[in-house]
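Accompanying notes for the structure given below.
Protein chains: 2
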Amino acid sequence: MTGKLSVAFVAYDGMTLLDLVGPYEILTLWPDISASVVAEHPGPVVPDSRAMPILAQASFAETLAPDIIVVPGGPTAEEASRQRALHRWLAQVAPRATCVFSVCTGAFHLAEAGLLRGRRATTHWAMLDQLERFGAQARVARWVDDGAILTAAGVSAGLDAALYLTSRMQGDALAKAIQLMIEYDPAPPFNAGSTISAGEDVVGTVGPLLAPAMARRRT
Amino acid sequence: MTGKLSVAFVAYDGMTLLDLVGPYEILTLWPDISASVVAEHPGPVVPDSRAMPILAQASFAETLAPDIIVVPGGPTAEEASRQRALHRWLAQVAPRATCVFSVCTGAFHLAEAGLLRGRRATTHWAMLDQLERFGAQARVARWVDDGAILTAAGVSAGLDAALYLTSRMQGDALAKAIQLMIEYDPAPPFNAGSTISAGEDVVGTVGPLLAPAMARRRT
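Residue numbers (my numbering), protein chains in the order written: chain P, 6 to 224; chain C, 6 to 224.
So this is what it looks like as structure tokens:
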């Protein structure tokens with residue numbers, strides 16, 4: 006026992022990098038943590054966006070008792086179902102963890118591991134209705150704290166949920182200091198971050214306008 | 006000529022990962038880009054936070070004419086001055102680039118390369134006053150667009166500036182679609198993201214509360 010909180014940042018091919026790096030940047034500013042990137046096998050992991058591989062240092066098998074587990078999402082709930090090694094590991098280590106924290110469709114990994122049955126949870130807006138088939142109580146929210154399970158909405162929501170987790174586990178003072186350190190004073194040039202604020206017109210453009218990037222991610 | 010926009014995401018040991026990954030997640034959703042992580046040498050690059058190395062695919066020497074160059078910051082302006090290879094390369098490729106885009110103290114790399122003389126620019130709040138000694142006109146702003154030079158404030162500001170750059174180069178419709186895709190509807194649990202909203206009390210806690218994490222980064 007070192008007294009340090011151990012944080013496992015889960016990585017797998019096809020994940021969305023910002024899902025992981027938002028919480029990573031915040032949690033690695035905690036005073037006494039031991040952080041590692043954990044994957045089925047150590048070595049390069051290629052995100053959905055392809056061009057920026059990260060290096061996993063530890064395997065699931067050798068990561069026995071992380072206190073906090075951050076699980077990023079990938080493109081779809083269907084693809085999430087393929088990460089069997091991740092789901093077996095999550096089912097094994099979650100009972101002793103203080104917090105299993107998913108971002109975006111990372112919630113589907115928790116669901117596949119059986120961790121969301123009867124739990125309140127959220128995920129990316131486009132896939133929220135699919136959470137219910139795993140027995141979860143889907144919620145429209147920036148993040149949902151259900152005790153040992155913390156789920157955040159799409160991609161960038163990991164920043165807000167990580168600051169919230171900071172306040173819960175380390176106190177408001179540290180959360181505020183970190184927010185100021187990363188100058189998180191958001192000022193997006195548009196008000197299009199939710200389906201409600203964006204409106205139906207913008208919702209309808211997401212598929213067609215992002216189709217080229219999504220096609221690149223699949224090939 | 007492929008017709009694709011080439012985007013170079015600069016990496017170096019000691020950089021802040023979110024500075025790079027915020028813009029990366031947004032720009033890689035553009036329809037027709039070629040993205041690569043560029044460093045002095047290809048291979049692993051270790052960020053300030055240590056636990057999540059990324060893999061650079063290309064060297065500065067072989068990256069001759071990127072259209073967009075994203076330059077992340079690191080801990081201090083002083084440390085920025087050590088990246089001589091980066092500064093030589095920036096000075097060489099910037100004149101033909103459509104946009105050189107810094108996040109946080111990445112602005113000091115642009116300054117060291119002589120790119121900020123007479124330019125309006127911004128950087129992390131704690132180091133903004135140091136920009137003037139490079140002949141820049143320092144501005145308190147989320148981002149500053151000075152034509153071929155785009156500078157963002159601290160760390161998370163790269164998200165806002167990247168959406169702005171999307172609107173400038175690709176149109177508002179794509180910027181809004183990407184904002185919705187990454188569900189960037191920010192809702193930090195505190196209002197402590199700027200020195201003004203945080204107040205003097207919080208400003209005074211940043212040094213002491215983050216000292217353990219900063220010490221880890223130095224060792």
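Ideal Cβ positions, reconstructed from N, Cα and C, are used throughout, including at glycine.
A quick note: this is a predicted structure, and the numbers were derived from the prediction, not measured.
Query, Result
"Below 6 angstroms CB to CB, which residues in the same chain sit around residue 216 of chain C once its five sequence neighbours on both sides are set aside?", "none"
"8 angstroms is my cut-off, CB to CB: does residue 147 of chain C come that close to chain P?", "yes"
"Mind pulling the chain P residues with CB within less than 7 angstroms of residue 33 of chain C?", "54, 56, 218"
"Any beta carbon from chain C within less than 8 angstroms of residue 199 of chain P's own beta carbon?", "yes"
"Counting only C-beta atoms, is residue 70 of chain P closer than 8 angstroms to chain C at any point?", "no"
"If contacts are defined as beta-carbon pairs under 8 angstroms, then residue 77 of chain P and residue 60 of chain P qualify, I think. What distance do you get, rounded to the angstrom?", "About 15 angstroms separates the two Cβ atoms, so there is no contact after all."
"Indicate the three-state DSSP secondary structure (helix, strand or coil) for residue 191 of chain P in the structure shown.", "coil"
"Using only CA atoms, which one of P:147, P:82, P:46, P:40 lies nearest to residue 116 of chain P?", "P:82"
"Checking 8 angstroms against the spacing of the C-beta atoms, do residue 127 of chain C and residue 157 of chain C come in under that value?", "yes"
"Is residue 61 of chain P helix, strand or coil by DSSP?", "strand"
"Helix, strand or coil: how does DSSP classify residue 160 of chain C here?", "coil"
"Mind checking if residue 184 of chain C is an interface residue toward chain P, Cβ cutoff 8 angstroms exclusive?", "yes"
"In three-state DSSP terms, what is residue 23 of chain C?", "helix"
"Helix, strand or coil: which one does DSSP assign to residue 126 of chain C?", "strand"
"Using a Cβ-Cβ cut-off of less than 7 angstroms, give me the residues of the stretch 99-125 of chain P that come near chain C, in sequence order.", "none"
"How big is the Cα-Cα spacing for residue 92 of chain C and residue 118 of chain C?", "5 angstroms"
"With a cut-off of 8 angstroms on the beta carbons, I'd call residue 233 of chain C and residue 24 of chain C a contact; round off their distance for me.", "Within the shown structure, residues of chain C are numbered from 6 to 224, placing residue 233 of chain C beyond reach of any answer."
"In chain order, what residues of the same chain lie with their CB nearer than 7 angstroms to the CB of residue 175 of chain P, ignoring the 5 residues before and after it?", "35"
"Span of the beta strand (DSSP E) holding residue 49 of chain C?", "48-50"
"From the beta carbon of residue 18 of chain C, is the nearest beta carbon of chain P less than 8 angstroms away?", "no"
"Does residue 9 of chain C pass the burial test, meaning 16 or more other C-beta atoms within 10 Å, or should it be called exposed?", "exposed"
"Counting only the same chain and skipping the five closest in sequence on each side, list residues whose C-beta sits under 7 angstroms from that of residue 6 of chain C.", "At residue 6 of chain C, the pLDDT of 46 sits below 50, so the modelled position is not reliable and the matter cannot be decided from this model."
"Let me confirm a value: residue 138 of chain P is counted as buried when at least 16 other C-beta atoms fall within 10 Å, else exposed. Which label applies?", "exposed"
"What separation, rounded to the nearest whole angstrom, lies between the Cα atoms of residue 146 of chain C and residue 96 of chain P?", "46 angstroms"
"Using 8 angstroms for Cβ pairs, my map puts residue 130 of chain P next to residue 188 of chain C. What's the rounded Cβ distance?", "6 angstroms"
"Using the three-state DSSP reduction, which class does residue 197 of chain P fall into: helix, strand or coil?", "coil"
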